[in-house]
Amino acid sequence: MPHIFDADVVSAILSHMNGDHTDDNLLIARAFSPEDSGEITGAVMTGLDGEGGTWEVTRGDETSELRVAWPSGSISERPAVRREVVALYDLACERLGVEPRPHA
Numbered sequence: 001m002p003h004i005f006d007a008d009v010v011s012a013i014l015s016h017m018n019g020d021h022t023d024d025n026l027l028i029a030r031a032f033s034p035e036d037s038g039e040i041t042g043a044v045m046t047g048l049d050g051e052g053g054t055w056e057v058t059r060g061d062e063t064s065e066l067r068v069a070w071p072s073g074s075i076s077e078r079p080a081v082r083r084e085v086v087a088l089y090d091l092a093c094e095r096l097g098v099e100p101r102p103h104a
């Protein structure tokens with residue numbers, strides 16, 4: 001059973017991802033989508049737990065859910081979420097041939 005983070009933790013992370021990292025959400029969705037990633041026009045992070053993150057992906061007029069496992073495996077601490085999202089971003093850049101920006 002995956003670790004479930006407190007609702008306020010999830011809300012804060014989703015707010016940050018969807019407010020400050022909209023391009024990263026799109027990049028992750030395009031890199032990890034099992035379908036044609038070129039058709040993806042939008043992605044919003046909608047949830048997360050100790051096993052991975054969930055995005056609502058938009059293709060034209062349709063939306064679907066994309067679930068992506070954390071690269072390092074299961075997590076249970078809030079600081080690990082940042083580490084795993086950064087790892088997803090880096091993997092997405094690698095898969096798509098995009099130069100990743102430096103991490104602060």
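Quick note, in full-length UniProt numbering, the sequence shown goes up one by one and the last residue is 104. Even glycine gets a Cβ: it sits at the ideal position worked out from N, Cα and C. Source: prediction; values computed, not measured.
Self-check item: Given 8 Å, three or more beta-carbon pairs between the segment 29–43 and the segment 74–82
Solution: Too few Cβ pairs lie closer than 8 Å, so no.
Quiz item: Which of the three DSSP states, helix, strand or coil, is assigned to MET45?
Solution: Of the three classes helix, strand and coil, the one that applies to MET45 here is strand, per DSSP.
Exercise. Sort GLY60, CYS93, THR58 and GLY50 by Cα distance to SER72 and report the nearest one.
Key: Here the closest residue by C-alpha is GLY50.
Practice problem: With a 10 Å radius around its C-beta and 16 neighbouring C-beta atoms as the bar for buried, classify VAL98 as buried or exposed. | Solution: Result: exposed.
Quiz item: Out of curiosity, what's the CA-to-CA distance linking GLY47 and LEU14?
Solution: Looking at the backbone, the Cα of GLY47 and that of LEU14 are separated by about 7 Å.
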